[in-house]
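Written out below as structure tokens is the structure these notes cover.
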Amino acid sequence: MDICLLGTGGMLPLCDRFLTSCYIEQGGRAVLIDCGEGTQVAAAAAKAKISRIEAILITHAHADHVTGLPGLLLSVANTGKTSPLEIYFPASAQGIITALLTVAGRLPYEIRLVPLGMSGETAFPLTCIDPMLEVRALPLRHSVDCIGYSLTLTHKRVFLPERADALGVPPNKRGILHSGGSITVEGREITPDMVTAEPRPPQKLTYVTDTLPIDEIADFAKGSRLFICEGMYGDRAKKPDMDKKGHMLMQDACALAARAGAECLWLTHYSPAESDPSAFEAELKELFPAVVISTDGQRTAL
Ligand SMILES: [Zn+2]
Ligand SMILES: [Zn+2]
Numbered sequence: 038m039d040i041c042l043l044g045t046g047g048m049l050p051l052c053d054r055f056l057t058s059c060y061i062e063q064g065g066r067a068v069l070i071d072c073g074e075g076t077q078v079a080a081a082a083a084k085a086k087i088s089r090i091e092a093i094l095i096t097h098a099h100a101d102h103v104t105g106l107p108g109l110l111l112s113v114a115n116t117g118k119t120s121p122l123e124i125y126f127p128a129s130a131q132g133i134i135t136a137l138l139t140v141a142g143r144l145p146y147e148i149r150l151v152p153l154g155m156s157g158e159t160a161f162p163l164t165c166i167d168p169m170l171e172v173r174a175l176p177l178r179h180s181v182d183c184i185g186y187s188l189t190l191t192h193k194r195v196f197l198p199e200r201a202d203a204l205g206v207p208p209n210k211r212g213i214l215h216s217g218g219s220i221t222v223e224g225r226e227i228t229p230d231m232v233t234a235e236p237r238p239p240q241k242l243t244y245v246t247d248t249l250p251i252d253e254i255a256d257f258a259k260g261s262r263l264f265i266c267e268g269m270y271g272d273r274a275k276k277p278d279m280d281k282k283g284h285m286l287m288q289d290a291c292a293l294a295a296r297a298g299a300e301c302l303w304l305t306h307y308s309p310a311e312s313d314p315s316a317f318e319a320e321l322k323e324l325f326p327a328v329v330i331s332t333d334g335q336r337t338a339l
């Protein structure tokens with residue numbers, strides 16, 4: 038998976054900081070998480086291939102996460118896309134999503150709306166990107182319904198013909214092993230794991246923003262190669278205000294990353310008032326050494 042954080046701002050786009058949004062590409066298809074005002078400009082600045090977007094995951098219907106939809110969808114239309122595009126969002130946001138689609142007008146591709154419930158964690162394969170890519174959706178705690186997403190790409194075991202030959206597997210029986218069945222050769226049982234390589238470990242990305250630092254997030258992000266998390270402020274004096282508004286501090290994100298055992302943490306969704314988030318780097322690295330004070334266009338491959 039190739040990952041690019043298109044923007045790192047919360048609340049308002051700034052001249053030098055786009056709103057938080059994440060572009061993830063896998064096998065030539067892409068999924069976008071969040072789409073605040075101006076996301077199509079952020080995508081252009083990061084040279085993200087928006088024609089490849091097959092799905093958009095919306096965390097919640099606050100303006101800084103959703104009002105970029107009409108512009109982005111129209112920009113995608115300009116690329117000549119004709120295949121359907123799926124939009125996932127908290128079910129209570131359906132009215133706002135529908136209104137934004139009205140603004141976008143007639144598009145040359147079908148939009149498929151997928152409302153998600155808030156009664157508990159859900160999981161589904163994102164087959165429009167890759168059947169091996171699973172999305173998990175966790176209800177968060179914000180001032181409106183808000184969802185955290187994790188994307189996990191698992192890998193098939195690769196068939197090793199030389200091992201099958203060595204075990205005397207006849208060519209016409211290989212298909213059974215391929216599809217997960219076992220066969221018997223000269224009285225000996227041959228199982229699929231005997232003729233396949235160890236699979237690569239799954240690649241997991243977790244994206245959580247606009248929430249109190251609830252305990253469930255640590256479990257949800259467990260095993261993440263990359264954990265992208267809100268860090269509105271680095272000033273601990275802002276904590277009571279964050280508690281009131283349903284947000285978290287950079288230090289909260291570091292504590293969650295440590296509990297989750299994440300390999301790496303990218304901070305995002307900085308307050309417009311936080312002009313230099315990197316000022317807190319030394320303190321944050323003591324809490325979680327693999328923290329990155331992300332900037333727009335931050336990218337990596339998992
Ligand atoms: Zn926000
Ligand atoms: Zn919000």
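Numbering-wise (the working numbering), the sequence shown opens with residue 38 and increments by one.
The beta carbon of each residue, even a glycine, is placed where N, CA and C say it ideally should be.
None of the values given here were measured: they were computed from a predicted structure.
request  = In angstroms with no decimal places, state the Cα-to-Cα distance between Thr191 and Thr228.
outcome  = Position 154 of the sequence shown, counted from the start, is the residue given in the question as residue 191. Position 191 of the sequence shown, counted from the start, is the residue given in the question as residue 228. Taking the straight line joining both Cα atoms gives about 20 angstroms.
inquiry  = Under 7 angstroms: does the beta carbon of Met48 sit that close to some heavy atom of ligand 1?
reply    = Stepping through the sequence shown from its first residue, residue 48 is reached at position 11. Correct: Met48 has its Cβ closer than 7 angstroms to ligand 1.
inquiry  = Which same chain residues end up closer than 7 angstroms to Leu197 when comparing Cβ atoms and leaving out the 5 residues on each side of it in sequence?
reply    = Your numbering for residue 197 matches position 160 in the sequence shown. The residues are Val232, Thr233, Ala234.
ask   = For ligand 4, is there a heavy atom less than 7 angstroms away from the beta-carbon of Asp101?
value = As far as ligands go, the structure on display features ligand 1 and ligand 2 and does not contain ligand 4.
request  = Would you list the residues sitting across from Phe126 in a DSSP beta bridge?
outcome  = Your numbering for residue 126 matches position 89 in the sequence shown. DSSP lists Pro152 as partners of Phe126.
ask   = For Ile254, which residues of its own chain have a beta-carbon under 6 angstroms away from its beta-carbon, when the five flanking residues on both sides are left out?
value = Taking the first residue of the sequence shown as position 1, residue 254 is located at position 217. Cβ within range, chain order: Val245, Leu293.
request  = Mind listing, in chain order, the continuous beta strand (DSSP E) runs of no fewer than 3 residues lying wholly within the segment 67 to 144?
outcome  = 90 to 94, 122 to 127
inquiry  = Could you check if His192 belongs to the surroundings of ligand 2, using beta carbon to heavy atom distance under 7 angstroms?
reply    = Sequence index remark: in the sequence shown, residue 192 carries index 155 (1-based). No - ligand 2 has no heavy atom lying nearer than 7 angstroms to the Cβ of His192.
message = Along the chain, where does the alpha helix (DSSP H) containing Phe257 start, and where does it finish?
response = Counting from one through the sequence shown, the residue named residue 257 turns up at place 220. Phe257 -> alpha helix (DSSP H) spans 253 to 257.
request  = Below 8 angstroms on the Cβ atoms is my guess for His97 versus His179; work out the distance and round it to an integer in Å.
outcome  = As a first step, residue 97 must be located in the sequence shown, where it is residue number 60. As a first step, residue 179 must be located in the sequence shown, where it is residue number 142. His97 to His179, Cβ: 6 angstroms. Contact.
ask   = How would you label Gly205, buried or exposed, when you count the other beta carbons within 10 angstroms and need 16 or more for buried?
value = Sequence index remark: in the sequence shown, residue 205 carries index 168 (1-based). Exposed, by the Cβ-count rule.
ask   = Does DSSP put Pro238 in a helix, in a strand, or in coil?
value = For the purposes of this step, residue 238 is taken as residue 201 along the sequence shown, with counting starting at 1. In this structure, Pro238 counts as coil in the three-state DSSP scheme.
message = Using a Cβ-Cβ cutoff of less than 6 angstroms, which residues in the same chain neighbour Leu177 once the five nearest sequence positions on both sides are dropped?
response = Counted from its first residue, the sequence shown places residue 177 at position 140. For Leu177, where only same-chain residues beyond five positions count, the Cβ hits under 6 angstroms are Cys183, Gly185, Thr248.
query = Roughly how many angstroms lie between the CA atoms of Ser187 and Met279, to the nearest whole one?
reply = Against the sequence shown, residue 187 aligns to sequence position 150. Against the sequence shown, residue 279 aligns to sequence position 242. Going from the Cα of Ser187 to the Cα of Met279 covers about 23 angstroms.
Contact set for Arg296: own chain, Cβ-Cβ below 7 angstroms, skip 5 residues either direction = Within the sequence shown, the letter at position 259 stands for residue 296. So the qualifying residues of the chain are Ala255.
key: Opening and closing residue of the alpha helix (DSSP H) in which Glu62 lies   = Locating residue 62 in the sequence shown gives position 25, counting from the first residue. Per DSSP, Glu62 belongs to no alpha helix (DSSP H); it is in the beta strand (DSSP E), 58 to 63.
key: Burial state of Asp252, where buried means 16 or more other Cβ atoms lie within 10 Å   = In the sequence shown, counting from the first residue as 1, residue 252 sits at position 215. With fewer than 16 other Cβ atoms within 10 Å, it is exposed.
message = Relative to the C-alpha of Ala92, which candidate in Ser156, Asp53, Leu170 has its C-alpha closest?
response = The residue given as residue 92 occupies position 55 in the sequence shown. Cα-wise, what sits closest to Ala92 is Leu170.
query = Ser216 by DSSP, collapsed to three states: which one?
reply = Taking the sequence shown and counting its residues from 1, one reaches residue 216 at position 179. Of the three classes helix, strand and coil, the one that applies to Ser216 here is coil, per DSSP.
query = Which one of Gly117, Ser120, Ser112, Thr159 has the shortest CA to CA distance from Phe126?
reply = For this step, residue 126 is matched to residue 89 along the sequence shown. Comparing Cα positions, the closest option is Thr159.
query = Mind pulling the alpha helix (DSSP H) runs of 4 or more residues that sit fully within the segment 166 to 222?
reply = 198 to 203, 211 to 215
inquiry  = Output needed for Ser129: all residues of its chain with C-beta closer than 7 angstroms, excluding positions within five of it in sequence on either side, in chain order.
reply    = Locating residue 129 in the sequence shown gives position 92, counting from the first residue. Closer than 7 angstroms at the Cβ level, and outside the excluded window around Ser129, lie Asp182.
task = Leaving aside the five residues before and after Met155 along the sequence, list all residues of the same chain whose C-beta is less than 8 angstroms from its C-beta, in chain order.
result = Taking the first residue of the sequence shown as position 1, residue 155 is located at position 118. Hits under 8 angstroms: Pro127, Ala128, Ser129, Pro176, Asp182, Ile184.
query = Counting pairs of Cβ atoms below 8 angstroms between the segment 133 to 140 and the segment 214 to 221, do you hit three or more?
reply = no
request  = Specify, as a first and last residue, the run of the beta strand (DSSP E) that Ala160 falls within.
outcome  = In the sequence shown, counting from the first residue as 1, residue 160 sits at position 123. Taken as a continuous stretch (DSSP letters only), the beta strand (DSSP E) holding Ala160 covers 159 to 162.
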